[in-house]
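A.B. asks: Quick note on numbering: the sequence shown equals residues 108 to 166 in the numbering used here. Where a beta carbon is used, it is the ideal one built from N, C-alpha and C, also for glycine. Handing you a structure now.
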Amino acid sequence: MAVPKRKQSRMKKRQRKAANRYEGVQATFCPKCAAPAAPHRVCPSCGMYDGKQVLNVND
Numbered sequence: 108m109a110v111p112k113r114k115q116s117r118m119k120k121r122q123r124k125a126a127n128r129y130e131g132v133q134a135t136f137c138p139k140c141a142a143p144a145a146p147h148r149v150c151p152s153c154g155m156y157d158g159k160q161v162l163n164v165n166d
C-alpha cells in the first residue's frame, strides 16, 4: 500500500477542497441598461464598459 512521505500542507488541502466550492462565473448587470453581462466585459446590449461608451451598438 502506498504511504505518503510528507504531510500534506494546509494550502494544498484547501486548494483541493476549493475546487468543490467553485460555482462558475456569476452574472452581473450593466449599471446603465440593467442587461445581464459577464464581469469585466463590454455590455453586449449597450456597449458600455467602466462608465464609457466603447462599442457602437445599433438598436
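Return yes when the Cβ of residue 137 is within less than 8 Å of the Cβ of residue 145, no when it is not.
C.D. replies: Not in contact: residue 145 and residue 137 (Cβ atoms no closer than 8 Å).
A.B. asks: Consider the C-beta atom of residue 142 and the heavy atoms of the ligand MN; say whether any pair is separated by less than 7 Å.
C.D. replies: The ligand MN is not part of the structure shown, which contains no ligands of any sort.
A.B. asks: Along the chain, where does the alpha helix (DSSP H) containing residue 122 start, and where does it finish?
C.D. replies: Note, residue 122: alpha helix (DSSP H), 117-128.
A.B. asks: Using alpha carbons as the reference points, say which of 160, 147, 152, 142 lies closest to residue 132.
C.D. replies: 147
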